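Worksheet: the structure to be examined is printed underneath.
There are 2 protein chains.
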Amino acid sequence: MKYNNKNYTSLWYKNGVVKIIDQTLLPENFKIIDLTTTDDIINAIKTMKVRGAPLIGVAGAFGVYFAFKEYNGEDDHQKLNNKIIELKNSRPTAVNLQFAVDLVYDHALNTNYENPEEDALDKANELFDSEIKACKRIGEHGFKILNKLEVKEYINLLTHCNAGWLATVDYGTASSPVFEAAYRGLDIHVWVDETRPRNQGGKLTAWEYFHEDIPHTIITDNAGGHLMRNGEVDIVITGADRIALNGDTANKIGTYLKALAAYDNKIPFYIAAPISTIDFNMKSGKDIPIEIRSENEIKFSGNTPLNHTLSPALNHGFDVTPARLITGFITEKGIFTPEQLKELKNGKKQTSIT
Amino acid sequence: MKYNNKNYTSLWYKNGVVKIIDQTLLPENFKIIDLTTTDDIINAIKTMKVRGAPLIGVAGAFGVYFAFKEYNGEDDHQKLNNKIIELKNSRPTAVNLQFAVDLVYDHALNTNYENPEEDALDKANELFDSEIKACKRIGEHGFKILNKLEVKEYINLLTHCNAGWLATVDYGTASSPVFEAAYRGLDIHVWVDETRPRNQGGKLTAWEYFHEDIPHTIITDNAGGHLMRNGEVDIVITGADRIALNGDTANKIGTYLKALAAYDNKIPFYIAAPISTIDFNMKSGKDIPIEIRSENEIKFSGNTPLNHTLSPALNHGFDVTPARLITGFITEKGIFTPEQLKELKNGKKQTSIT
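Line by line, the protein sequences are chains G and E.
If you want our numbering, it's the position in the first sequence, counting the first as 1, plus 1.
If you want our numbering, it's the position in the second sequence, counting the first as 1, plus 1.
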């Protein structure tokens, strides 16, 4: 999507180098950095220079390619394996990272093994392409929901955190239906939750919509309930970091509160995510590991103290929204109710609800 | 209550001067400033150097005294009246300000009118004393609720914004039961919602508990739902800016989301407030005016940008929690269900629920 009228993806591969937009510097600075080793990838994921469940999956996929490059000696199998585990564990909550790393690693190990490095790169590039296509399809499916909404003058959509193109490779998950709607001429305005403590809504989502010319307004995380009670929200769409088989969904901390408010006000609440975000091995949300991050993310913005710094703070990165509060899942394969996710696992005929 | 082991009230009157702690400078700087005119009072309220519904009521009461001092000529009645209206309207949502200004103004006008200035001062001092007593009583009533809770090792209480001694004259409303519990030896820990955009929880409530040696932890506004779902919250108590006759309650934006989460997890949700916060003339919450403040409170902390500053932001200061989500009201006269508030108006025998 566009930054200053030029098209970008949030990550791209060229001649042995993975290029990313350093997301910790946005919106003030737009800086492209080069990643050339597995450790570069791991560090970029840990420091959140790349973030967003689908994007860290793709970054992890290229990390497997680097790992094969780095450990290509006769006795390197154990080192390679350890590095792959380190890569998979660089962040705990999003399942896409584990999915993508396993996908590429298994592929490279199980092909003819003449050139696993090249096999890994091929598979990573394949995942890169398929994630873009998946996000585009999410937009097309999501558009059908937006197009059917009965609204006053224009659609008021609320989103939490950044599930935009920066969080994926392109288009985004929760943002893709918005881009699609704008492209097809629907009038739409987005309430952008600031999303403390890292303000990925107020910094990244707002930045994306600004450069795509989508009408939007930043609000505090506290404000969504008030807007919903006053008829100012027609639909809520967020992304996801991991979806359990029963539909319970881990996403950025605070998503559960928005789902409660949507439910209380009879506003549809959708999760937009590629199928790779569904953890078919996890029965319910209570088993999803929830990352705890540094308390300094709450206490400071850079060096500026935001709260009483002598007090302790606790910083859970995610919460789990129970399936009962979720209207549906917008995926690249169609739109599904929580109950229908099981059918995707079993490979039954997929019965999309739209 | 204590700052650096010395006792303070958040405001006090001495020899023609109202002294306040400048709450916009906390927690970094503890500075006492002098207010000596009605405009000083109005400005301190508007700029939130004094804030908190009960405290701005008391500040407004002393403002009436200053107004009588300033407009004591034969032809000053209209000017006096205009200044009183300006004072009452210096912030819109909290009813305590209107209540207190009317109380003192009516008293001074309707006494023998030999020395209305002194009559106003007497009434303001009387209100000052009665607010302290009311908050102390709120603590004693609230303690009974805390003492009955069945908890694991200690009580985990969650609060939103600052309804502490800084928001009143002393003890606070939501904090008074906490102070009382600690004083009587109950083990208690407080989850302090940061409370964006002004971070009055993370800056002021945390500062208060730190200096009173009450165990506490700052969390983002997004985190309360996650903690509740995971059994980490035993009770929620917040303050209020205005309570309608049916029990609908305006409080700092985001309170409604916490009430929803408490209800969803069967956690008791109480509002602690003096009777002066009840607007007996307002039937339901939908008529409560909601202040909209500057978008810069969301975009910046001082000069530090917190979000994409080229995007617009919208900053509602309060929301309304519907009565159906409120377990009870902890007042100086006892604890009441939403349905029982009407009896307080009608002057019927007050039937506290504990």
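Each residue gets a CB set at the ideal place from its N, CA and C atoms; glycine is no exception.
Note that this is a predicted model, so its numbers are computed, not measured.
Thinking C-beta only, is G:I42 closer than 9 Å to G:F69? Taking the first sequence and counting its residues from 1, the one referred to as residue 69 of chain G is at position 68. Taking the first sequence and counting its residues from 1, the one referred to as residue 42 of chain G is at position 41. Not in contact: G:F69 and G:I42 (Cβ atoms no closer than 9 Å).
Could you give the residue range of the beta strand (DSSP E) that holds E:H78? The residue given as residue 78 of chain E occupies position 77 in the second sequence. Taken as a continuous stretch (DSSP letters only), E:H78 belongs to no beta strand (DSSP E), being part of the alpha helix (DSSP H) at 78 to 89.
Counting C-beta neighbours from all protein chains within 10 Å, is the total for E:S295 16 or more, i.e. buried, or is it exposed? The residue you call residue 295 of chain E lines up with position 294 of the second sequence. Classification of E:S295: exposed, given that the 10 Å Cβ count is below 16.
Where the stretch 184 to 200 of chain E meets chain G: residues whose CB sits under 7 Å from a CB there: Along the stretch 184 to 200 of chain E, going in chain order, the ones with a CB nearer than 7 Å to a CB of chain G are E195, R197, P198, N200.
I want to know whether the stretch 269 to 288 of chain G touches the stretch 243 to 253 of chain G - three or more CB-CB distances under 8 Å. Yes, since at least three Cβ pairs between the stretch 269 to 288 of chain G and the stretch 243 to 253 of chain G fall closer than 8 Å, the two stretches touch.
DSSP-derived helix/strand/coil call for G:A314: Working through the first sequence from its first residue, we reach residue 314 of chain G at position 313. Of the three classes helix, strand and coil, the one that applies to G:A314 here is strand, per DSSP.
Taking E:P313 as the query, report the chain G residues whose CB atoms sit under 8 Å from its CB, ordered along the chain. Position 312 of the second sequence, counting from 1, holds the residue named residue 313 of chain E. Near E:P313 (Cβ distances below 8 Å), the residues of chain G are H217, T218, I219.
At a Cβ cut of 7 Å, what residues of the stretch 162 to 174 of chain G count as close to chain E, listed as they run along the chain? The stretch 162 to 174 of chain G vs chain E, Cβ under 7 Å: nothing.
Endpoints, the beta strand (DSSP E) within which E:T332 is located: Position 331 of the second sequence, counted from the first residue, corresponds to residue 332 of chain E. Per DSSP, E:T332 belongs to the beta strand (DSSP E) from 329 to 332.
Along the chain, where does the alpha helix (DSSP H) containing E:D40 start, and where does it finish? Taking the second sequence and counting its residues from 1, one reaches residue 40 of chain E at position 39. Its alpha helix (DSSP H) spans residues 39 to 47.
Which partner residues does G:N252 have in the DSSP bridge list? Here the question's residue 252 of chain G lines up with position 251 in the first sequence. G:D320.
May I ask which residues mark the beginning and end of the beta strand (DSSP E) holding E:S273? As a working mapping, residue 273 of chain E is identified with position 272 in the second sequence. The sequence shown places Ala at residue 273 of chain E, not Ser. In the DSSP assignment, E:A273 falls within the unbroken beta strand (DSSP E) covering 270 to 273.
Going by DSSP, what residues sit across from G:R294 in a beta bridge? Translated into the one-based positions of the first sequence, residue 294 of chain G becomes position 293. Secondary-structure assignment with DSSP links G:R294 through a beta bridge to G:N316.
For chain E, is any of its Cβ atoms less than 9 Å away from the one on G:P28? Against the first sequence, residue 28 of chain G aligns to sequence position 27. With a threshold of 9 Å between beta carbons, G:P28 makes contact with chain E.
Are the Cβ atoms of G:F281 and G:I327 separated by less than 9 Å? As a position in the first sequence, residue 281 of chain G is number 280, starting the count at 1. As a position in the first sequence, residue 327 of chain G is number 326, starting the count at 1. No, these two residues do not count as a Cβ contact at 9 Å.
Any beta carbon of chain G sitting closer than 9 Å to that of E:G53? To locate residue 53 of chain E, count along the second sequence from 1; it is residue 52. For E:G53, the closest Cβ of chain G is not nearer than 9 Å.
Name the DSSP beta bridge partners of G:W13, please? In the first sequence, counting from the first residue as 1, residue 13 of chain G sits at position 12. According to DSSP, G:W13 bridges with G:K20.
Pairwise C-alpha distance: E:N111 and E:E132: Locating residue 132 of chain E in the second sequence gives position 131, counting from the first residue. Locating residue 111 of chain E in the second sequence gives position 110, counting from the first residue. The straight-line gap from Cα to Cα measures roughly 22 Å.
Check whether chain E comes within 9 Å of G:D23, counting only Cβ atoms and requiring the distance to be less than that. Numbered from 1 along the first sequence, position 22 holds the residue referred to as residue 23 of chain G. Under the 9 Å criterion on CB atoms, G:D23 is classed as non-interfacial with respect to chain E.
Compute the Euclidean distance between the alpha carbons of E:P313 and G:H217, then round it to the nearest angstrom. Counted from its first residue, the second sequence places residue 313 of chain E at position 312. Counted from its first residue, the first sequence places residue 217 of chain G at position 216. Taking the straight line joining both Cα atoms gives about 7 Å.
Can you tell me the Cβ-Cβ gap for E:I336 and E:H142, rounded? I've got them flagged as a contact below 8 Å. For this step, residue 336 of chain E is matched to residue 335 along the second sequence. For this step, residue 142 of chain E is matched to residue 141 along the second sequence. With 8 Å as the limit, E:I336 and E:H142 qualify as a contact, their Cβ atoms being about 5 Å apart.
By Cβ distance below 7 Å, which residues in the same chain neighbour E:T10 in space, the five residues on each side in sequence not counted? By 1-based counting over the second sequence, the position of residue 10 of chain E is 9. If we look at E:T10 and ignore the five residues flanking it on each side, its Cβ neighbours are V170, D171.
Quick check: the Cα distance between E:H161 and G:G17, rounded to an integer number of angstroms? On the second sequence, position 160 is the one that residue 161 of chain E refers to. On the first sequence, position 16 is the one that residue 17 of chain G refers to. Straight-line Cα distance between these residues: approximately 50 Å.
Using 10 angstroms around the beta-carbon of E:Q79, count the other beta-carbons present and answer buried if the total reaches 16, otherwise exposed. Reading the second sequence from its first residue, position 78 is the one you call residue 79 of chain E. Exposed, by the Cβ-count rule.
For E:M1 and G:Y210, what's the separation of their Cα atoms in angstroms? Residue 1 of chain E falls outside the range modelled here, since chain E spans only 2 to 355, and no answer is possible.
Can you tell me which of the three DSSP states E:P306 falls into? As a first step, residue 306 of chain E must be located in the second sequence, where it is residue number 305. If DSSP states are grouped into helix, strand and coil, E:P306 belongs with the strands.
Rounded to whole angstroms, what's the CA-CA distance from G:N266 to G:I254? Just pull it up for me. The residue labelled residue 266 of chain G in the question sits at position 265 within the first sequence. The residue labelled residue 254 of chain G in the question sits at position 253 within the first sequence. When rounded, the distance between both Cα atoms is 21 Å.
Inside the stretch 201 to 271 of chain G only - alpha helix (DSSP H) runs reaching at least 4 residues: Within the stretch 201 to 271 of chain G, the complete alpha helix (DSSP H) runs of at least 4 residues are 207 to 212, 225 to 230, 256 to 265.
Between the stretch 287 to 304 of chain E and chain G, which residues of the former have CB atoms less than 7 Å from a CB of the latter, in chain order? Answer set for the stretch 287 to 304 of chain E: I299, S302, G303.
Residue from E:D188, E:F330, E:Y66 with nearest C-alpha to E:A1: Nothing about residue 1 of chain E can be read from this structure; chain E reaches only from 2 to 355.
Strictly under 9 Å for the Cβ-Cβ distance: is E:N316 near chain G by that measure? Taking the second sequence and counting its residues from 1, one reaches residue 316 of chain E at position 315. For E:N316, the nearest beta carbon of chain G is closer than 9 Å to its own beta carbon.
Hey, E:Y14 and E:F31: beta-carbon distance below 9 Å or not? Walking along the second sequence from the start, residue 14 of chain E turns up at place 13. Walking along the second sequence from the start, residue 31 of chain E turns up at place 30. Their beta carbons are not under 9 Å apart, which means E:Y14 does not touch E:F31 by this criterion.
Buried versus exposed, by CB contacts within 10 Å (16 or more), E:K350: Sequence index remark: in the second sequence, residue 350 of chain E carries index 349 (1-based). Reliability of the predicted coordinates at E:K350 is poor, the pLDDT of 48 falling under 50, and the value obtained from them is presented with this limitation in mind. Exposed: under 16 other Cβ atoms inside 10 Å.
Can you pull the chain E residues whose beta carbon is under 7 Å from the beta carbon of G:W208, in chain order? Here residue 208 of chain G refers to the residue found at position 207 of the first sequence. By Cβ distance, chain E contributes H309.
Would you decide whether E:M2 is buried or exposed? Buried here means 16 or more other CB atoms lie within 10 Å of its CB. Start at 1 with the first residue of the second sequence, and residue 2 of chain E comes out as number 1. Buried.
Pick from G:N73, G:L258, G:I146, G:I219: whose alpha carbon is nearest that of E:R230? Here residue 230 of chain E refers to the residue found at position 229 when the second sequence is read from its first residue. The candidate whose alpha carbon is nearest that of E:R230 is G:L258.
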